[in-house]
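Before any comments, here is the structure.
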Ligand SMILES: Nc1ncnc2c1ncn2[C@@H]1O[C@H](COP(=O)(O)OP(=O)(O)OP(=O)(O)O)[C@@H](O)[C@H]1O
Ligand SMILES: Nc1ncnc2c1ncn2[C@@H]1O[C@H](COP(=O)(O)OP(=O)(O)OP(=O)(O)O)[C@@H](O)[C@H]1O
Ligand SMILES: [Mg+2]
Ligand SMILES: [Mg+2]
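Chains as they are written, first to last, in our numbering: chain E, 1 to 305; chain H, 306 to 628; chain F, 629 to 951; chain P, 952 to 1197; chain W, 1198 to 1443.
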């Protein structure tokens, strides 16, 4: 690779293409691309799933971009498919999620080859959701998690972080069984209502993704429980923000996808131009709630549509 | 015979309701069934399934299938939300009605394409509607820019979440459409021809019915009820999502088959489908209510679906040997 | 006629390959087709679809459907991974083979239940296998504790990712099973009875064939090929996931129908299904390769599926008027 | 009297098989023309070309002065031709009444809304079948549950129930009991008297001779000969069927 | 000579309809028993109870000293009873050869592996059909594309091709051409000579009288009378069919 070359092409492979989080990440990546005068493509599968992501990745490798930014859909399962990119001489930067243990270039583990990981730690995000929830509830009561389906690493991690934080820090909060809604907001709403029918004292729901949260929020509103039940959402697309404004959702844990995309492209560019890069960059979270939702400073953390 | 069949589906629904009622009384001391809240929750969930399966019932009776409803729903939801966003919610009911018309129209377009493919080009409906499934999905996502389109319209919200005489609007809509579909299938020429088409295409063709036109109408009806499902979705959640209908597709198809329809056509009733949708909604609600751990819920839903049909089977055996 | 049908599916596959080849040469100056890497990638993706659709083809020819393959795959994948994890990967090939046997067995159990439901209890296959879909899903998740079961076994890895004579092992396996299914369907009594069953159940019944046994075998075969799909998954990704098969269910069903099968049974070939699976894999790979934006890809896939069948239709017209 | 139906140069290919080759004939009002011929001679194919189910590869059909070729079964039926097909084409899941009226259902009004009049169709079906000598034990049962002859009778009833100018019957008595066969033969006689033209396909020599004004014998897709019943014999007809040229 | 088949007290209900009520009869080797009766009399139902397709509501069937009741169609067929059903029950998507051999396919070996011998089955089918006077234009075509009579002939061929002790024929000549009808009648004669027992259902009086050793007349599910052809007349049989008690 001659360092003189400037018009690089980088492909961003999201976990799935139909999610505001990744669409916002792409916005950030495009902003960086514009600043650098390079091209960033966006190619991914329709669901967050390794079987679907692998063929897309294979085809991206065949197309031969200069670097790949990818949100691997599974820490173990995507090691093999990504190894092929590495073997083809394409530098890999993982964004949002990671492979193996997320610690690269230290000579340990099967998935040591990516040059850098730019992640927002989903486990930590889950912990922050738990903290926001506990604070709103006054540290005790019954809550449950509304999740998509088992086996999706990001939402599984949010769930794990949420449960860990609750059991470590808030022993008086009882976390009930998780309810899976298949990304069907309508089912998520009905599930909240069933949980409420069984536990009239339910005090909080953590919606681990967009549809889980708006569904649970709708269930809460339908039961006239908006004042008694705390709804915490993960991710902050405008529909969640609208729900915060209308009081259906109490708070959202916003990741910083645009930042991730921006740093991802910058990191890849640095690698391509022969500069050294840190092997791990963490991006933070912002808690959006009714108090700060209208702040100017917060607006940039709302995902694009 | 037809009324008997329905009686047995009813029976099964009553059985699972009774089961949950007894369970609830013993375990929690509460009633399951006799709470308006529970009934409303279950009905709203059932109506969202039902809206996708009503038109589908007619298509299946005619011996076809319509997979595209998964995204006719999504397309209608997205288009409605977009129109409200573009015009602005200030114009009140006018814009909402306009937006709903636009959403419905987009679904009807999908139905017309399905009808054209199946009737005119003789594409098998499974493949043809799988194709429009992809197309409607892509178009909905392109139009929406990939994400959900959130809106702020008090009118739309009240359309999706309001009540009339204590009945939630989505339930009312689903029941009105169910009654219309039932009337169509049972009391009109169109309905008889649909059954005949499912049993033997030659019979209707030689009877001089314009089968092509009939097929197009069936797919349009299917698209309309699915599209209404999308409008309800946008109203309920104040957001139009391209994948609004996709997770419900399998349940919608299941409701039709639990209701007595068959892959080979010529069988099925709207009342059966209504009961099928309620059976699914009651199980989903009841299992959460009863506190069964989540993975066991998958197992239980599977078992209940099978048992629902077994009850139907035993009817045949019983009436066969009794009467 | 049968060979002609296949010739036309081939033609369509060749057409889209030609299209992508020309496109690639013009746009990027590279070849699309004549790169081992591309061929391998496409073949592996096709083989993962194919493993779910091979047995399904037989079931569909017999006039039934099997939705449970979505989770027979997942169950086999999880069980295989669990056995390796429990015994420990040190024992090398022995444990891998044992684990694969266990995984396959778990899938066969699902197939037996399907067969029992459909053959013995007369449950319509759509409903029966939707029920076992839920049951297998729940069981796989319970067994796996909800998460994916990751393993570290060099042998399993090489089973899923290795090559023999330059052909990836999954592709080899899929082709061997395809050949076996083709043989079964074309050259054996079992195959003839499967076609006859799809056309007219009475014909085989009165010919003295044990239809119930036959149905059970069909569902077991379907579970076996789907189960092998699960084993390949665990090998490829060094992890067993309960969801392994679910996202490809629709593609697997589509491959069977693109290959010429019909909902009403009595039609379809294994060769057609193989071509169908390759058509899907080529489109998916080709569209990403050609850089089409993701949402447009949905539209394109939908269009190609429809056109694939239209090409097949025009064959009928052409041969009808020509010969 | 001019012919009501005229078939000119009819030809039909299926793939490599030429099922019908250059067939010409006419039918006059009130006349019964019998199409006789061996199995596979092309009889059903000819009548399907008349009724619009198949489009002829070559040739034309005119009816009442109008060209029928290219028209749909619906249009042909509206023009006044009723057909009973050999494969009956019943909707197995519907009852006898609905099958009889399929495409022309009777309606009634309930609260001003037009709805199907299932009961009156059912009663009419029972009546028409009775006139053919057939008693249906349960008129609400789907025709799937009926005996071979009962099904055949419904198909016949469907054709004769409407005031047609030409009735085509493809082996109408094949599955019928002896008394019912006699009813159908009597019926053909009655229709002829009313001036209805009839094309009958039959393999039953006594029936052929009893009903026919003219017998057209087909052999392997071509007309082997045409005879008036009074001028010919069983044996000659069978010889013609087997391909002897006249 | 002892009877090869004995039906005792047979009864069959469908829902509210009693299609067959207390039917008793015997068939001896080399004998042709004709079941005659009006449409819906219960003839097809009786033979389906013999061949195992239906289980009788009451009554038993014994064959060759063994009890048949409760056995599957497969077991009945293995016991030596071949049946042609009125509804033919062909696999429409298969060719004539495969239909002829369905359930008993011919196999051959290629490289030591047993595979279907489609060609030899096809050739055999062409031969058997030729012996019935039927020429199939394209033996590789699915039977769906064949004429009514060609399909009927395949169903007949399927039953007679195997060495059975009892052959049941439900209206076998219904769709056949005149020459083919004669072939089938001759065939029945040949089978009788070989000692095969035959149960024939027919609505054709000349055929009934030509083939029968005994005529059993059914009316509304019960046996209205039993006659030897030499002792009765057309008119008496028809009267019995219509329910006159003997
Ligand atoms: N759809 C079709 N495709 C191919 N061949 C056909 C088709 N329909 C009929 N044939 C062939 O055309 C020829 C004429 O068939 P047709 O049904 O007209 O005979 P038919 O005279 O009515 O005989 P039958 O008296 O047995 O009913 C037969 O050889 C038949 O196999
Ligand atoms: N599966 C069934 N369900 C209900 N009723 C039936 C069924 N099969 C036959 N029937 C009724 O039983 C009676 C006897 O029928 P069957 O078929 O035995 O008559 P058949 O003597 O063979 O008449 P045909 O000469 O017309 O063939 C008829 O009234 C028929 O409607
Ligand atoms: Mg014919
Ligand atoms: Mg009969």
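Using N, Cα and C, we set each Cβ at its ideal position, and we do this for glycine too.
Cutoff 8 Å: residue i Cβ touching any chain H Cβ
| i | result |
| --- | --- |
| residue 1074 of chain P | no |
| residue 934 of chain F | yes |
| residue 1056 of chain P | yes |
| residue 818 of chain F | no |
| residue 1049 of chain P | yes |
Three-state secondary structure (DSSP) of residue i
| i | result |
| --- | --- |
| residue 40 of chain E | strand |
| residue 1304 of chain W | strand |
| residue 302 of chain E | coil |
| residue 1156 of chain P | helix |
| residue 355 of chain H | helix |
| residue 254 of chain E | strand |
| residue 520 of chain H | helix |
| residue 1004 of chain P | coil |
| residue 169 of chain E | helix |
| residue 118 of chain E | strand |
Residue i beta carbon near ligand 1 (any heavy atom closer than 7 Å)
| i | result |
| --- | --- |
| residue 1413 of chain W | no |
| residue 1195 of chain W | The requested residue 1195 of chain W does not occur in the structure, where chain W is confined to residues 1198 to 1443. |
| residue 1378 of chain W | no |
Chain P contact for residue i (CB, 8 Å cutoff)
| i | result |
| --- | --- |
| residue 1335 of chain W | yes |
| residue 1418 of chain W | no |
C-alpha distance - residue i paired with residue j, whole-angstrom precision
| i | j | result |
| --- | --- | --- |
| residue 648 of chain F | residue 122 of chain E | 39 Å |
| residue 924 of chain F | residue 256 of chain E | 27 Å |
| residue 382 of chain H | residue 1318 of chain W | 59 Å |
| residue 1359 of chain W | residue 898 of chain F | 33 Å |
| residue 1207 of chain W | residue 1250 of chain W | 14 Å |
| residue 1190 of chain P | residue 1069 of chain P | 50 Å |
| residue 263 of chain E | residue 154 of chain E | 20 Å |
Heavy atom of ligand 2 within 7 Å of residue i beta-carbon
| i | result |
| --- | --- |
| residue 1088 of chain P | yes |
| residue 1211 of chain W | yes |
Within-8 Å CB hit, residue i to chain F
| i | result |
| --- | --- |
| residue 1444 of chain W | This structure leaves residue 1444 of chain W out entirely; chain W is present only between 1198 and 1443. |
| residue 1263 of chain W | no |
Residue i Cβ short of 7 Å to ligand 3 heavy atom set
| i | result |
| --- | --- |
| residue 995 of chain P | yes |
| residue 1037 of chain P | yes |
Minimum Cβ-Cβ distance from residue i to chain W less than 8 Å
| i | result |
| --- | --- |
| residue 830 of chain F | yes |
| residue 655 of chain F | no |
| residue 746 of chain F | no |
Distance cut-off 7 Å: residue i Cβ against heavy atoms of ligand 6
| i | result |
| --- | --- |
| residue 484 of chain H | Ligand 6 is not part of the structure shown, which contains ligand 1, ligand 2, ligand 3 and ligand 4 as its ligands. |
Cutoff 8 Å: residue i Cβ touching any chain E Cβ
| i | result |
| --- | --- |
| residue 463 of chain H | no |
| residue 446 of chain H | yes |
Residue i CB to nearest heavy atom of ligand 4 below 7 Å
| i | result |
| --- | --- |
| residue 1448 of chain W | Look at the range of chain W in this structure, 1198 to 1443, and you will see that residue 1448 of chain W is not part of it. |
Determine which residues of the stretch 1109-1133 of chain P have a Cβ less than 7 Å from any Cβ of chain C, and write them out in chain order.
Although the question refers to chain C, the structure presented lacks it and instead comprises the protein chains E, H, F, P and W.
Does the structure place the stretch 805-822 of chain F close enough to the stretch 637-652 of chain F that three or more beta carbon pairs sit under 8 Å?
Taking 8 Å as the limit for Cβ pairs, the verdict is that the stretch 805-822 of chain F does not touch the stretch 637-652 of chain F.
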